[in-house]
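Numbering-wise, the sequence shown is residues 192 to 238 according to this note's numbering.
Don't be surprised by glycine CBs; every beta carbon is placed ideally from N, CA and C.
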Amino acid sequence: MKCVQCGESFDTITEYEKHLETCDSNKTRKKTATLVERLKQASEDFK
């Protein structure tokens with residue numbers, strides 16, 4: 192998983208979310224939050 196704001200890569204959604212709290216580029220935060228919600232929903236479906 193890659194941060195849409197800075198391009199850093201992450202192995203899990205949790206790591207990605209933690210990174211978003213400190214990522215400096217806020218302009219795409221809302222878009223990213225929506226993406227994270229969709230990813231969570233999708234992962235729930237597989238459980």
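- Beyond the five residues adjoining it in sequence on each side, F201 comes within less than 8 Å, by CB distance, of M192, K193, C194, Y207, H210 in the same chain, given in chain order.
- Here T223 is buried: its Cβ has 16 or more other Cβ atoms, across all protein chains shown, within 10 Å.
- CA-CA distance, C197 to E212, rounds to 13 Å.
- Annotation: I204 to A233 spans about 11 Å, alpha carbon to alpha carbon.
- Take E199, set aside five residues on each side of it, and no residue of its chain has a beta-carbon closer than 6 Å to its own.
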